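Student:
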Amino acid sequence: MFVSKHIEKRGVVLKILILTNLFPKKENPNSGIFITKRLKEHEKLGVDFTAVSLAFRDKGRLLSLLRSLLRKPSEVPLKELEGVSFKPVFVERGLFDVVVQKFWTMKRALENLTDRFAEQVVQNFPKHTVIHAHGMYLPAPAGVVARKVSEIWNVPYVVTLHGSDVNLNMARRDVRDIYLETLENAARCIFVSRALLEKAKSFGYSGQNATVIPNGYDPDVFKPMDKNTVIKELGIYKEDTQYVGFVGNLIPIKRADKLPEIFRKIAKELPNTRFLIVGNGVLRDKILKEMEGLDVIFAGRVPQVEVAKYMNAMNVMVLPSRNEGWPCVVLEAQACGTCVVGSSNGGIPEAIGFDEYVVEEGENFEERFAKRVVDVLKKGYDRDRLIERAKGFTWEEIVKREISILNKVV
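For the sequence shown, my numbering begins at 769 and goes up steadily by one.
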């Protein structure tokens, strides 16, 4: 195997164990797509790694029945996506475990589940040079599993934090001491935005071992295309029409519940606007109902190559999220030459990079947000400036920085 200069130091070749809470699933292959893209770049650089998905397996009929009633299918991890191999390890979880987690004590559930995952990892994989954990998501944070495996193997571990694992999970007082212990004892903690690092500090993290490395994008997929051609290929062409779109999960943290209000305000000012929604989620039916009468197209979840086409079709993409770590969709859209208007929350301003496209959180947010979108549609923008900015955030550049960190801690 080719070994890049980025993964060799003093004769030591890195053998990286990747532990992740974020992985592709049968019902949603794009789940954790930013992990898959990273690992594709690892392969291009000749990195020796093993990617391990930390997955739960339902035990007993009661939990399966409950999932069926709630329309929440069990998560089946994919073993391969885009040429990247994932090796899942499973911890069985029954209805009692879920009840304990929800109503008894999350801390006890976390310790128990991460112990079991660590045991599975040590039993199933040989010792690696370094462990890189992606995610600190409840109920079994990959970073905590990494800490426990590192103690057994006596090797360093690095944790990358992506967003909700800090903004929502670390905010919980009942498990915060475990989070702090894991972060402070890591050889390095990587945060995808400075805003996310500052949030972790607000919960008591020292930041002494912190580095900020954002998410990236795939330039082979997200690139400028001829707008008219793409619109016709997608079957969404309409004469004298501007396109405003949203790409992401239809969930409250993305403020998807306010898309109908924002879109109606835009349509009131610019009636010849067609709205595109690329994604799915728990709010889909509610949003569909509230958007009756609007010219809106629901594309649902689509492969990345199709996402890129929809982004190229858009005149403006909106990201009004209530919080984000580092939204990959911003750089993906900019790489296509599409302007993104976003909220001021989390890592969104850092990702957008231009103050004029950021709307401050606060009173009358939806009205001010819609007005900013209308202003951009009327005035236009410099596509080349957006495309040029995005070039500094390719996955190749991002992964080289991550590998450099891993080399330093060995």
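Ideal placement from N, C-alpha and C gives every residue a C-beta, glycine not left out. As the structure is a computational prediction, the values presented were derived from the model and not from experiment.
Contact defined as beta carbons within less than 8 Å: I believe residue 885 pairs with residue 857. What is the distance between those atoms, to the nearest angstrom?
Tutor: To locate residue 885, count along the sequence shown from 1; it is residue 117. To locate residue 857, count along the sequence shown from 1; it is residue 89. Confirmed, Cβ separation roughly 7 Å.
Student: In this structure, does DSSP put residue 1010 in helix, strand or coil?
Tutor: Against the sequence shown, residue 1010 aligns to sequence position 242. Looking at residue 1010 - three-state DSSP - the assignment turns out to be strand.
Student: Would you check if the segment 1053-1066 and the segment 896-909 touch, i.e. whether three or more CB-CB distances between them fall below 8 Å?
Tutor: The segment 896-909 vs the segment 1053-1066: no contact.
Student: Is residue 1072 buried or exposed, if buried means 16 or more other CB atoms sit within 10 Å of its CB?
Tutor: Taking the first residue of the sequence shown as position 1, residue 1072 is located at position 304. Buried is the call here.
Student: Flag this pair as touching only if the segment 982-994 and the segment 1088-1107 have three or more C-beta atom pairs under 8 Å; answer yes or no.
Tutor: Yes, they touch.
Student: Check whether the Cβ of residue 803 lies closer than 7 Å to any heavy atom of the ligand ZN, and answer yes or no.
Tutor: The ligand content of the structure shown is nil, which means the ligand ZN is not present either.
Student: Please name the residue in 1062, 877, 968 and 849 whose C-alpha comes closest to that of residue 860.
Tutor: As a position in the sequence shown, residue 860 is number 92, starting the count at 1. With distances taken between Cα atoms, residue 860 lies closest to 877.
Student: Which one or two residues does DSSP pair with residue 824 in a beta bridge?
Tutor: The residue you call residue 824 lines up with position 56 of the sequence shown. Answer by DSSP bridge pairing, in chain order: 859.
Student: Kindly indicate which residue of 1151, 1090, 1095 and 1158 has the alpha-carbon position closest to the one of residue 1128.
Tutor: The residue you call residue 1128 lines up with position 360 of the sequence shown. Of the candidates 1151, 1090, 1095 and 1158, the one whose C-alpha sits nearest the C-alpha of residue 1128 is 1090.
Student: With a 10 Å radius around its C-beta and 16 neighbouring C-beta atoms as the bar for buried, classify residue 1148 as buried or exposed.
Tutor: Position 380 of the sequence shown, counted from the first residue, corresponds to residue 1148. Answer is exposed; the Cβ neighbour count stays below 16.
Student: Under the three-state reduction of DSSP, which class applies to residue 769: helix, strand or coil?
Tutor: Position 1 of the sequence shown, counted from the first residue, corresponds to residue 769. Residue placement at residue 769 is poorly supported in this model, since its pLDDT is 30, which falls under 50; the coordinates still yield a value, given next. Residue 769 falls in the coil class under three-state DSSP.
Student: Can you give me the start and stop residues for the beta strand (DSSP E) that residue 901 sits inside?
Tutor: Within the sequence shown, the letter at position 133 stands for residue 901. That run of the beta strand (DSSP E) goes 898-902.
Student: Look at the alpha carbon of residue 1101 and the alpha carbon of residue 938, and state the distance between them as a whole number of angstroms.
Tutor: Locating residue 1101 in the sequence shown gives position 333, counting from the first residue. Locating residue 938 in the sequence shown gives position 170, counting from the first residue. For the pair residue 1101 and residue 938, the Cα-to-Cα distance works out to about 30 Å.
Student: Drop a sphere of 10 angstroms on the beta-carbon of residue 997, count the other beta-carbons inside from all chains shown, and report buried for 16 or more, exposed for fewer.
Tutor: Within the sequence shown, residue 997 is the residue found at index 229, counting from 1. With fewer than 16 Cβ atoms within 10 Å of its Cβ, residue 997 is classed as exposed.
Student: Quick check: what's the CA-CA separation for residue 815 versus residue 1175?
Tutor: On the sequence shown, residue 815 is found 47 positions in, with the first residue counted as 1. On the sequence shown, residue 1175 is found 407 positions in, with the first residue counted as 1. Approximately 12 Å between the Cα atoms of the pair.
Student: Can you tell which of 790, 914, 956 and 893 has its C-alpha closest to the C-alpha of residue 1169?
Tutor: For the purposes of this step, residue 1169 is identified with residue 401 of the sequence shown, where counting begins at 1. Nearest of 790, 914, 956 and 893 to residue 1169, Cα basis: 956.
Student: Does the Cβ of residue 784 have 16 or more other Cβ atoms within 10 Å, making it buried, or fewer, making it exposed?
Tutor: Walking along the sequence shown from the start, residue 784 turns up at place 16. Its Cβ being crowded by 16 or more others within 10 Å, residue 784 is buried.
Student: So, helix, strand or coil for residue 874, using DSSP?
Tutor: The residue you call residue 874 lines up with position 106 of the sequence shown. Correct three-state label for residue 874: helix.
Student: I believe residue 1043 touches residue 1012 by the beta-carbon criterion, under 8 Å. Please report the beta-carbon distance rounded to the nearest angstrom.
Tutor: Taking the first residue of the sequence shown as 1, we reach residue 1043 at position 275. Taking the first residue of the sequence shown as 1, we reach residue 1012 at position 244. About 5 Å separates the two Cβ atoms, so the contact holds.
Student: Using alpha carbons as the reference points, say which of 1158, 1125, 1134 and 1160 lies closest to residue 1143.
Tutor: One-based indexing of the sequence shown puts residue 1143 at position 375. Minimum Cα distance to residue 1143 is reached at 1125.
Student: Can you tell me the Cβ-Cβ gap for residue 790 and residue 903, rounded? I've got them flagged as a contact below 8 Å.
Tutor: What you label residue 790 is simply residue 22 of the sequence shown in a count that begins at 1. What you label residue 903 is simply residue 135 of the sequence shown in a count that begins at 1. So it is a contact: roughly 5 Å between Cβ atoms.
Student: With a floor of 3 residues, list each beta strand (DSSP E) that falls wholly inside the segment 889-938, ordered by position along the chain.
Tutor: 898-902 and 925-929
Student: My guess is that residue 1015 and residue 1046 are in contact by the Cβ rule of under 8 Å, so how many angstroms apart are they, rounded?
Tutor: Taking the first residue of the sequence shown as 1, we reach residue 1015 at position 247. Taking the first residue of the sequence shown as 1, we reach residue 1046 at position 278. The pair is a contact, with the Cβ atoms about 4 Å apart (cut-off 8 Å).
Student: Roughly how many angstroms lie between the CA atoms of residue 1139 and residue 1041, to the nearest whole one?
Tutor: Sequence index remark: in the sequence shown, residue 1139 carries index 371 (1-based). Sequence index remark: in the sequence shown, residue 1041 carries index 273 (1-based). Cα-Cα distance, rounded: 14 Å.
Student: Relative to the C-alpha of residue 749, which residue among 1023, 852 and 853 is closest?
Tutor: In this structure the chain extends from 769 to 1178, so residue 749 is not present and cannot be described.
Student: The alpha helix (DSSP H) that contains residue 1079, what's its start and end?
Tutor: Locating residue 1079 in the sequence shown gives position 311, where the first residue counts as 1. Annotation: the continuous alpha helix (DSSP H) that includes residue 1079 extends over 1072-1081.
Student: Using DSSP with H/G/I as helix, E/B as strand and the rest coil, what is residue 972?
Tutor: Walking along the sequence shown from the start, residue 972 turns up at place 204. DSSP places residue 972 in coil when its eight states are reduced to three.
Student: Taking the Cβ atom as the reference point for each residue, do residue 1099 and residue 1158 lie within a distance shorter than 8 Å?
Tutor: As a position in the sequence shown, residue 1099 is number 331, starting the count at 1. As a position in the sequence shown, residue 1158 is number 390, starting the count at 1. Yes. Within cutoff.
Student: Taking only runs that begin and end inside the segment 1034-1110, name each unbroken beta strand (DSSP E) of 3 or more residues, in chain order.
Tutor: 1041-1046, 1064-1068 and 1084-1087
Student: On the DSSP letters alone, give me the boundaries of the alpha helix (DSSP H) that residue 1138 sits inside.
Tutor: Position 370 of the sequence shown, counting from 1, holds the residue named residue 1138. Segment 1133-1147, the alpha helix (DSSP H) holding residue 1138.
Student: At least one CB of chain B closer than 8 Å to the CB of residue 1007: is that the case?
Tutor: Judged by its chain identifiers, the structure shown contains no chain B, having just a single protein chain.
Student: Suppose the cutoff is 8 Å on Cβ atoms and the five residues either side in sequence are ignored; what does the same chain contact list for residue 1115 look like?
Tutor: The sequence position of residue 1115 within the sequence shown is 347, counting from 1. Once the five neighbours on either side are set aside, the close Cβ partners of residue 1115 are 931, 960, 961, 962, 963, 964, 982, 1092, 1093, 1094 and 1095.
Student: Taking the beta strand (DSSP E) that residue 979 falls in, what are its first and last residues?
Tutor: Counted from its first residue, the sequence shown places residue 979 at position 211. It spans 978-980 - the beta strand (DSSP E) in which residue 979 sits, taken as one unbroken run.
Student: Can you grab the Cα-Cα spacing for the pair residue 1000 / residue 1081, in whole Å?
Tutor: Stepping through the sequence shown from its first residue, residue 1000 is reached at position 232. Stepping through the sequence shown from its first residue, residue 1081 is reached at position 313. Each residue's Cα considered, the two are about 9 Å apart.
Student: From residue 1009 to residue 888, what distance separates their C-alpha atoms?
Tutor: Against the sequence shown, residue 1009 aligns to sequence position 241. Against the sequence shown, residue 888 aligns to sequence position 120. In a straight line, the C-alpha of residue 1009 is about 55 Å away from that of residue 888.
Student: In the DSSP assignment, what residue or residues form a beta bridge with residue 1179?
Tutor: With the chain running from 769 to 1178 in the structure shown, residue 1179 is simply not present.
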